[in-house]
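Beneath this line is the structure, given in structure tokens, with notes to follow.
Residue numbers (the working numbering): 42 to 476.
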């Protein structure tokens, strides 16, 4: 490949990064996609891996395989730790070559969960952002039932069968609904000394309702669907402490504790550390969520050669508020920045400002139950669930993934079984209380 070709480096193989790389497949440029993992992950379905409904391979695909036929693209598996904007290169950690030069840089490293000043909570309350997170949660959930089966003390047994989810956004709601189905149906006949149906699933949210970005009617329907599944929804509560014994939260002016050996975290996100490093290198500040303020063309102020897209970008010129951190935003931004780059290289005038075409929000709550806000139409129940199934199948990047997921979903729907409920290895996942 000619060395003189314009070199586009993309950091992050998520929705934004992958769509940008693919959109450049016919361009006269070199593309290097860098990610610390070797796969593209369909994060919206991670909760199904965490609850045994799908296997990790069902929702992930190797980046090299996805780009194998794109002759102008190369994949580097490494972590970018810093960006030198003066000499235009990215710095790699633990790599044989510590730097890669760029002409244009696209940063799409996404976000991580925000523990709001309590990073020590992550050891006890794992997040759900990666395959490793999902398999950790799966081990903890299934392992908790195994521990309860062997426990003779009633109060300790109940603590093992109490699951607290902190955060009532789509991920928290979907995870709570799936856990309820696991307890009430999938595991109902698997144990001899305990009744999995007696498990308590508690969803905690600091705002006035779950799914705060949805219209009020859909929030109410989601809450009602969770109640039918046996999920206890606690709103307007503030978690103040998480330890090996459970959760302490502030309810109004009083403190309340819940004894639970399994706590899961889905409350709020913050931009990836690379965003902070980039902001420092350029002399910019980030917003409260760690996102970088971008220009209307998604470039950084004073650095037209650097684009930031996806969860790491505060793109607020359209509505005055940052765009939501969802896959469609990142995909549309990935397509848009490639148009900007190609127009520049061809000497054409730039396109207009990036404009996000919002096609709606969806969240599934359980078997044959979901809510969908399509803007002009609000759906709930079975029809919303079918819409959710179709959209998520179409967003999977590989055809074989779509087939496998469809077969797994059909099997789960008709049998209520979850074939991937495996405890693959047994590290000390549940932190032990101090003696």
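Glycine included, C-beta positions come from ideal geometry on N, C-alpha and C.
Predicted model only: the values in this text are computed from it and were never measured.
| query | result |
| --- | --- |
| Does DSSP classify residue 245 as helix, strand or coil? | strand |
| Just checking, does the segment 81 to 93 make contact with the segment 53 to 67 on the three C-beta pairs under 8 Å criterion? | yes |
| With the cut-off set at 8 Å, would you say residue 249 and residue 214 are in Cβ contact? | no |
| Could you tell me if residue 238 is buried or exposed, where buried requires 16 or more neighbouring beta carbons within 10 angstroms of its beta carbon? | exposed |
| Count the CB pairs spanning the segment 425 to 440 and the segment 390 to 405 that are closer than 8 Å, and state whether there are at least three. | yes |
| Below 8 Å on the Cβ atoms is my contact criterion, and I expect residue 145 with residue 80 to pass it. Report the Cβ-Cβ distance as a whole number of Å. | Actually they do not touch by this definition, with Cβ atoms about 24 Å apart. |
| Just to confirm, is the Cβ distance from residue 315 to residue 325 under 8 Å? | no |
| Could you round the C-beta distance between residue 281 and residue 290 to whole angstroms and report it? I think they count as a contact, below 8 Å. | 6 Å |
| For the segment 343 to 390, which segments carrying the beta strand (DSSP E) assignment without a break, of at least 3 residues, lie completely within its bounds, in sequence order? | 344 to 349 |
| Along the chain, where does the alpha helix (DSSP H) that runs through residue 296 open and close? | Premise fails: residue 296 lies in the beta strand (DSSP E), 295 to 300, not in any alpha helix (DSSP H). |
| DSSP on residue 63, reduced to helix/strand/coil? | helix |
| Indicate the three-state DSSP secondary structure (helix, strand or coil) for residue 178 in the structure shown. | helix |
| With DSSP run on the structure shown, which of helix, strand or coil describes residue 281? | strand |
| Given residue 379, which residues of its chain have a CB within under 6 Å of its CB, disregarding the five upstream and five downstream residues? | 61, 64 and 65 |
| Which whole runs of the alpha helix (DSSP H) in the segment 401 to 448 are 4 residues long or more, in chain order? | 423 to 436 |
| If we ignore side chains and look at the alpha-carbon of each, how far apart do residue 264 and residue 331 end up? | 30 Å |
| Is DSSP giving residue 103 helix, strand or coil here? | strand |
| Considering only C-alpha positions, which residue in the set 410, 177, 363 and 338 is nearest to residue 472? | 177 |
| So which of 230, 370 and 381 has the shortest CA-CA distance to residue 436? | 370 |
| Determine the burial state of residue 448: buried for a count of at least 16 other Cβ atoms within 10 Å of its Cβ, exposed for fewer. | exposed |
| For residue 89, which residues in the same chain have their Cβ closer than 7 Å to its Cβ, ignoring the five residues on either side in sequence? | 95 and 219 |
| Taking all protein chains shown into account, do 16 or more other C-beta atoms lie within 10 angstroms of the C-beta of residue 373, making it buried, or fewer, making it exposed? | buried |
| Residue 390: buried (16+ other C-beta within 10 angstroms of its C-beta) or exposed? | exposed |
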